[in-house]
Each structure stands twice: as C-alpha cells, then as structure tokens.
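Visitor: Adding 5 to a residue's 1-based position in the sequence shown gives its number in our numbering.
We treat Cβ as the ideally placed atom computed from N, Cα and C, and that holds for glycine.
Here it is: the structure, laid out below.
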Amino acid sequence: MSLSIYKVLNPRPLKETRVIIQLVDMFNSYPEDVVEEVLIRVHELIFPMDFYIIDMDDEFASNSTHILLGKPFMKTTRTKIDVHKGILSFEFDGKMVTYNIFIAMKYPDNSESIFHVDYD
Numbered sequence: 006m007s008l009s010i011y012k013v014l015n016p017r018p019l020k021e022t023r024v025i026i027q028l029v030d031m032f033n034s035y036p037e038d039v040v041e042e043v044l045i046r047v048h049e050l051i052f053p054m055d056f057y058i059i060d061m062d063d064e065f066a067s068n069s070t071h072i073l074l075g076k077p078f079m080k081t082t083r084t085k086i087d088v089h090k091g092i093l094s095f096e097f098d099g100k101m102v103t104y105n106i107f108i109a110m111k112y113p114d115n116s117e118s119i120f121h122v123d124y125d
C-alpha cells in the first residue's frame, strides 16, 4: 500500500519492519513500516490483511490506486486458480466467491476489479 493511501485511510498505527522487498526488476524497496489486520472486502468476503507501507510516486493516481495482493492474500483466502476453465475462487470463513476470468476480461467492469481501492 502506498504511503499516500495509508495517510488517507489511516486504518491503524504502523509497526516497525526491517523487511526489504525485491521487485521483479531486481530493485530493492524499503517499506516505511507495516500496518496489520486491515479489513479487506472482496464482494461479500471480509478478512484481515497486513500491508507494507511504501513511499512511492503517486503522480498518476487520481482517486484510486492499485494494491498488490500476493501469496499471503492467496493463502488467507484459500485462492484456487483453474487456468483451463478460467476460474478464480476465494474462500474465507465458510463463504466462497468465484470469478470467471474470461468473462471479466471480455466485459471489464469496476465491480470485477479485485486489485484496486477507491477512496474519497
């Protein structure tokens, strides 16, 4: 999560971290800190996630920005990906949400987006 998004949302106090995130281009990113147990909603599923806060350039963000949800998110939500069928499913607390990637990509709509946050 970017530092600017954290400042707008201000969900809870930051905790110190010494993590170094190595990006795909081998660039090292040093998070400011970590915010723990922020409640995330994907349709009707609500679950806690931890975010590293990164001070990054937000010049292209107007009132929305992207959030990277990786392996911890997929583990928490018991994500299952069926590449052949194009099905992406999340499960949490006995509830399940399923996306058909082929349909979502054919008819893009904000309600199908699982990778960005809107804030006012």
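#1: Using a Cβ-Cβ cut-off of 8 Å (strictly less than) and excluding sequence neighbours within five positions of Leu28, which residues of its own chain qualify?
#2: Take Leu44 as the anchor and find which of Phe56, Ser94, Ile92, Thr84 has the nearest alpha-carbon.
#3: Tell me the residue span of the beta strand (DSSP E) that contains Thr103.
#4: Compute the distance between the beta-carbons of Tyr11 and Ile58, then report whether it is under 7 Å.
#5: Report the three-state DSSP secondary structure of Ile25 (helix, strand or coil).
#6: Closer than 7 Å by C-beta to Asp38: which residues in its own chain qualify, once you throw out the five before and the five after it? Chain order, please.
#7: Which value, in whole angstroms, describes the spacing of the CA atoms of Lys100 and Glu41?
Guide: Working from what's here:
#1: Ser34
#2: Phe56
#3: 100 to 105
#4: yes
#5: coil
#6: Leu19, Lys20, Glu21, Thr22, Ile58
#7: 23 Å
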